[in-house]
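Engineer: What follows is a structure written as structure tokens; I'll ask about it next.
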Amino acid sequence: MLEMRGISKRFGYVRALKQANITVQKAEIMALLGANGSGKSTMMKVLGGLIRADEGSIFLNGEEIRIERSNDVHKYKIAIGLQDLSLIPTLSVMDNILLGIEPRKGLFVDKKEASERIGPILSRLGITYDPSVLVSDLAPSEQSMVEIAKAIARDPDILVLDEVTASLHSHEVDLVFEELKRLKAQGKAIVIVTHRMGEVFRVCDRCTILKGGETVAADAVENFDLDDIIFHMTGRRPEAVCQDEEDQIQIHADKVPVIETRRITVVPTLKGVNFRAFQGEIVGIGGLNGQGQSEFIRSMLGDLPIDEGEMFYQGEAVRFRMPVEAVNRGIGFISGDRNRESIFPLRSVGENIFAAEATQGRWFSHLSPKTIAQYAKRVIGEYDIVAGSTKHLANSLSGGNQQKLIIGRWLSMKPALLLLDDPTKGVDIHSRREIHRILRDAAREGMCVVYASSDNEELLEIADRIYIFYEGTSSRVLSGDDRTEEKLVAAMLDVRASACPKGENS
């Protein structure tokens, strides 16, 4: 029914898709699988007209079609539900579901017909709240259900759900799967992008696996087992996933953790997270996208309120109410979203480097330009930041040098703990290696570095130990010889849980 053939897409130096192919037939549920960065979501965004492929063709019922913008999918009866929700927060549930396909009576929306049209869909998905409520008032799982309802309401022949079950509770997943089975019985073609292997074997007929932007396997689900899937995703067979965290931590038995959490819960994303990091080590935080990694980093920083559990910083029980409290205690934070959270683009390079000093009560207006320039030049030299002048605007630097500027800003403050949330996102390979070198040097000097990343290779390269997050908790810990790609992917998929000791949460 639908075939995407030879799809290639490049973003700058990164080739996200390389002659990738997928096929899905009528009355079939097909799983699209792959590790983070394998190209799954890019493939679906090409199908949805959200981005254009550089090469390749799309065929529907044997005829080539052109999808150049998101509106084009409607005429081909394709609907896509996205993990990065397409909902408008300021509109109601009903308005979001029927956006662009509203029944009208003259110039106005026919509310009665609209309600009758979406009522059965909401009922089947277990959505019982008033459809006039604003989407912004809903919990994340409820918003995901609305995203699914929006796609179904378009009565598509081809339905794509891209990781929309990631934030759903088990009973909600059950309702979605019952609806998918109903649509399959009607002859619909369905593609689900998921990292939950249980979902694949429970509801899917076939699966297609991407690795590094290429299609590496496609077959009936019954012809795969979990080891096969991990092999195709990584190129190697998995072994036992991990050791017990208590055994691994013996090397630190006589030390007090720089940061420790005990059963930290942040509703609805974190569920009883136990974590320890020590002076002089780089501790990685990995997992599938959306498993609570960023929320955990921000809860330690005081950017998200902790609902339950305990946190200890340098042996003292703490609970920061806001990031400035953490910073004043010697904790630094670096985000991957530098444009929104870290860089002052219309301030000079020198002022940006000096910005961390502001948390100690000093600010630009109280300092001479000479003082700022001298301080900035020292940091620029120490961290090899390519900047023509300390007076140039920060937005004149490359992405990699902007990120090194931010890292230099914080490291020059000599924090005891540095928290990083995907800091090399959008950074070129050379700058990434430079950032890794800088962080290793900082750890050797005694700093504790906690490094969350969506890039598996990066975690394996830089981290001494890796905590794997799964569905809001730290489910596994890898260290030493266990730090291999196949074991990391297996842990991310929560595979072999019964054969391998759990992490600290067990």
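Heads up, the sequence shown is in this note's numbering, so the first residue is -8 and it goes up one at a time. Backbone N, C-alpha and C define an ideal beta-carbon position, used for all residues, glycine too.
#1: Of the residues R320, R431, Q134 and G399, which one's Cα is nearest the Cα of I79?
#2: Which residues mark the beginning and the end of the alpha helix (DSSP H) in which S32 is found?
#3: If you pair each beta-carbon of the stretch -8 to 12 with each one of the stretch 185 to 196, do three or more pairs fall below 8 Å?
#4: Find the nearest neighbour of A26 within the set T225, M(-8) and G91, judged by alpha-carbon distance.
#5: Rounded to the nearest angstrom, how far is the Cβ of I13 from that of I181, given a contact under 8 Å?
#6: If you follow the beta strand (DSSP E) that G323 is part of, which residue opens it and which one closes it?
#7: Quick one: grab the DSSP three-state call for E59.
#8: Within 10 angstroms of the Cβ of H160, are there 16 or more other Cβ atoms? Answer buried if so, exposed if not.
#9: Would you kindly work out how many angstroms separate the C-alpha atoms of I58 and A105, rounded to a whole number?
#10: Along the beta strand (DSSP E) that carries F311, what are the first and last residues, could you check?
#11: Quick one: what does DSSP say G28 is sitting in, helix, strand or coil?
#12: Rounded to whole angstroms, what is the Cα-Cα separation between T260 and G321?
#13: Give the list of continuous alpha helix (DSSP H) stretches no shorter than 4 residues that lie fully inside the stretch 67 to 100.
#14: For D412, write down the residues that DSSP places opposite it in a beta bridge.
#15: Taking the alpha-carbon positions, what's the Y374 to M404 distance?
#16: Measure the Cβ-Cβ separation of D101 and P94 and say whether it is below 8 Å.
#17: Using alpha carbons as the reference points, say which of G277, N386 and M302 lies closest to R456.
#18: Just tell me which of K395, L384 and G271 has its CA closest to the CA of R431.
#19: Taking the beta strand (DSSP E) that N12 falls in, what are its first and last residues?
#20: Which first and last residues belong to the alpha helix (DSSP H) in which N265 is found?
#21: Can you tell me where the alpha helix (DSSP H) with S466 in it begins and where it stops?
#22: Name, in chain order, the residues that DSSP records as bridge partners for E198.
#23: Does the Cβ-Cβ distance between I273 and V440 come in under 8 Å?
#24: Determine, using beta carbons only, whether L8 and M(-8) come nearer to each other than 8 Å.
#25: Which of helix, strand or coil does DSSP assign to G304?
#26: Could you check the C-alpha separation between P314 and I250 for me, to the nearest Å?
#27: Would you mind working out which of I88, V377, Y304 and P296 sits nearest R247, comparing C-alpha positions?
#28: For the alpha helix (DSSP H) holding A140, just list the boundary residues, first then last.
#29: Does the separation of the CB atoms of L174 and A140 fall below 8 Å?
#30: In this structure, how does DSSP classify K172 when only helix, strand and coil are distinguished?
#31: Tell me the DSSP secondary structure of D153 in three-state form.
#32: If I'm right that V109 touches A144 with Cβ under 8 Å, what's the distance once you round it to whole angstroms?
#33: Thinking V137 and V151 are a contact (beta carbons under 8 Å), I'd like their distance in whole angstroms, please.
#34: Whole-angstrom Cβ separation of S61 and G39, contact assumed at under 8 Å?
#35: Using a Cβ distance threshold of 8 Å, determine whether the stretch 276 to 292 contacts the stretch 440 to 453, with at least three qualifying pairs required.
#36: Between which two residues does the beta strand (DSSP E) harbouring A378 extend?
Structural biologist: Working from what's here:
#1: Q134
#2: K31 to L38
#3: no
#4: T225
#5: Contact flag wrong, Cβ pair sits at about 13 Å.
#6: I322 to S326
#7: coil
#8: So H160 counts as exposed.
#9: 28 Å
#10: Note, F311: premise wrong, no beta strand (DSSP E); not H, not E.
#11: coil
#12: Counting only the Cα atoms, G321 lies some 26 Å from T260.
#13: 84 to 88
#14: S326 and A443
#15: Y374 and M404: Cα-Cα distance of roughly 13 Å.
#16: yes
#17: G277
#18: With distances taken between Cα atoms, R431 lies closest to G271.
#19: V5 to V15
#20: From DSSP, N265 is part of no alpha helix (DSSP H) but of the beta strand (DSSP E) over L261 to A268.
#21: Annotation: S466 is outside any alpha helix (DSSP H); the continuous beta strand (DSSP E) that includes it extends over T464 to S470.
#22: The sequence shown places Cys at residue 198, not Glu. According to DSSP, which records beta bridges pairwise, C198 is partnered with A22 and D210.
#23: yes
#24: no
#25: The sequence given here places Tyr at residue 304; Gly does not occur at that position. Note: Y304 maps to strand in three-state DSSP.
#26: 15 Å
#27: The question names Arg, yet the displayed sequence has Val at residue 247. Comparing Cα-Cα distances from V247 to each of I88, V377, Y304 and P296, the minimum goes to Y304.
#28: Per DSSP, A140 belongs to the alpha helix (DSSP H) from P131 to A144.
#29: no
#30: helix
#31: strand
#32: According to the sequence displayed, residue 109 carries Ile and not Val. About 6 Å; that satisfies the 8 Å criterion.
#33: The pair is not a contact, with the Cβ atoms about 16 Å apart (cut-off 8 Å).
#34: Confirmed, about 6 Å.
#35: Between the stretch 276 to 292 and the stretch 440 to 453 there are three or more C-beta pairs closer than 8 Å, enough to call the two in contact.
#36: Looking at the DSSP string, A378 is not in any beta strand (DSSP E), and its letter there is neither H nor E.
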